[in-house]
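Read the structure below first, then the notes.
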Amino acid sequence: MPAVLSACLVMYHCGDEIDHALRCLENADLEVAVYLCDNSPDDMTAERLQWNFPGVTVLPMQENTGYGKAHNAVLPYLQSTYHLLMHPDVNFDPSLLRRMILYMEAHPNIAILIPRVMNEDGTEQFLPKQKLSVRALLGGLLRNFGRPFRTWREKYTMEDMEVHLPTPVECAAGCFMIIRTQTFLRLGGFDPRFFLYQADCDLSRRILDENLGSIVYHPDFRVIHLHAQGNEQSFRGRMRQLRSAVQYFRKWGLTW
């Protein structure tokens, strides 16, 4: 019988953190069909992981195809009811996946369920939850240059709100989301034109525009994300963000 839940991680020159992520999937209290898309063919990490985690299916890419294309490589293999998309630097409790699946089973209108994302020190990572706009983008790029910019960013991530109950949102951050597999298949996965940034915003926008269900943020479900934001803070990372944003606004139109 196919597993109720499948999971896909995209690997690009990962360190030991991916071992911890795979161990979390292995220790989960439900069966998970795990796929690892390897975007670093010049690296031997995938071979080591396949030896240490023999249940994982490795899908080697010929080059670094980007976040969206790599995740889409798993589409022909999916037979699950739910599909988890997660970064290789995420950790979580063994009961988390079962609890999230049970919540989605009880709420069939939910297309994507996302958890609260935490730092190792227990503080929250405020990730995008509202529709991408020019102000949200500028707020992220210029938040250190004054309160108005921080306010724009905080609205985009809902940092300005006290959220204690499950809440519908407009964007599911790509570091950890559970989506109904049939919804992911119907959309054809991510738009491959987005190399990395805004791929999750675009997927969320398509789900809501096509009325395929709601996107729900549930603060009682929690994961730890070891995200350092090093690449995003670099000049090259900033330029990639800007190019992806231009691509997004060309597709969906400008929203201030």
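If you use the numbering used here, the sequence shown corresponds to residues 29 to 284, in order. Just so you know, even glycine gets a beta-carbon here, dropped at the ideal spot from N, CA and C. Note that the structure is predicted; figures quoted are calculated from it, not measured.
Quiz item: Can you name, in chain order, every residue of its own chain whose Cβ lies under 7 Å from the Cβ of L103, other than the five neighbours on each side?
Solution: Within the same chain, and ignoring the five residues on either side of L103 in sequence, the residues whose Cβ sits closer than 7 Å to its Cβ are L213, G217.
Quiz item: If you count every other CB in all the chains shown that lies within 10 Å of the CB of A49, and 16 or more means buried, which is it?
Solution: Label assigned to A49: buried.
Quiz item: Which two residues bound the contiguous beta strand (DSSP E) that contains R208?
Solution: It spans 204-208 - the beta strand (DSSP E) in which R208 sits, taken as one unbroken run.
Quiz prompt | Validate contact between the region 101-116 and the region 46-60 using beta carbons, cut 8 Å, 3 pairs | solution = By the Cβ criterion, the region 101-116 is in contact with the region 46-60, since at least three pairs of Cβ atoms, one from each stretch, lie closer than 8 Å.
Self-check item: Buried or exposed (CB count within 10 angstroms, at least 16 for buried), D44
Solution: Exposed.
Practice problem: Measure the Cβ-Cβ separation of F204 and Q275 and say whether it is below 8 Å. | Solution: Their beta carbons are not under 8 Å apart, which means F204 does not touch Q275 by this criterion.
Practice problem: Compare the beta carbon distance of P88 and A74 with 8 Å and say whether it is the shorter of the two. | Solution: Yes, the Cβ-Cβ distance between P88 and A74 is below 8 Å.
Quiz prompt | C-alpha gap between L130 and D57, whole angstroms | solution = If you draw a straight line from the Cα of L130 to the Cα of D57, it comes to about 12 Å.
Exercise. Classify R208 as buried or exposed, calling it buried when 16 or more other Cβ atoms lie within 10 Å of its own Cβ.
Key: Burial call: buried.
Quiz item: In terms of alpha-carbon separation, which member of L77, A61, Q90, S68 lies closest to D23?
Solution: Outside the shown range of the chain (29 to 284) lies residue 23, about which nothing can therefore be said.
Practice problem: Verify whether the separation of the beta carbon atoms of T185 and K157 is less than 8 Å. | Solution: Yes, the Cβ-Cβ distance between T185 and K157 is below 8 Å.
Exercise. Using only alpha-carbon positions, find the residue among V118, N67, T195, P196 that is nearest to N100.
Key: Checked all of V118, N67, T195, P196; the closest Cα to N100 is N67.
Quiz item: In angstroms, rounded to a whole number, what distance separates the CA positions of L155 and M128?
Solution: If I take the Cα positions, the gap works out to 19 Å.
Self-check item: At least 3 beta-carbon pairs within less than 8 Å: the region 242-256 vs the region 189-196
Solution: By the criterion of at least three beta-carbon pairs nearer than 8 Å, the region 242-256 is in contact with the region 189-196.
Quiz item: Apart from the five residues on each side of it in sequence, which residues of its chain come closer than 6 Å, Cβ to Cβ, to R126?
Solution: Excluding positions up to five away in sequence, the list reads D57, L58.
Exercise. State yes or no: is the C-beta of D219 within less than 8 Å of the C-beta of D237?
Key: Their beta carbons are not under 8 Å apart, which means D219 does not touch D237 by this criterion.
Practice problem: With V244 as the anchor, note down where its beta strand (DSSP E) starts and where it stops. | Solution: Looking at the DSSP string, the run of the beta strand (DSSP E) that includes V244 is 242-253.
Exercise. Using the Cα positions of L106 and S34, report the straight-line distance between them to the nearest angstrom.
Key: Cα to Cα, the separation comes out at about 7 Å.
Exercise. Inspect the beta-carbon positions of S123 and V32 and report whether they are closer than 8 Å.
Key: Their beta carbons are not under 8 Å apart, which means S123 does not touch V32 by this criterion.
Practice problem: May I ask you to report which of helix, strand or coil DSSP gives Y40? | Solution: Coil, per DSSP.
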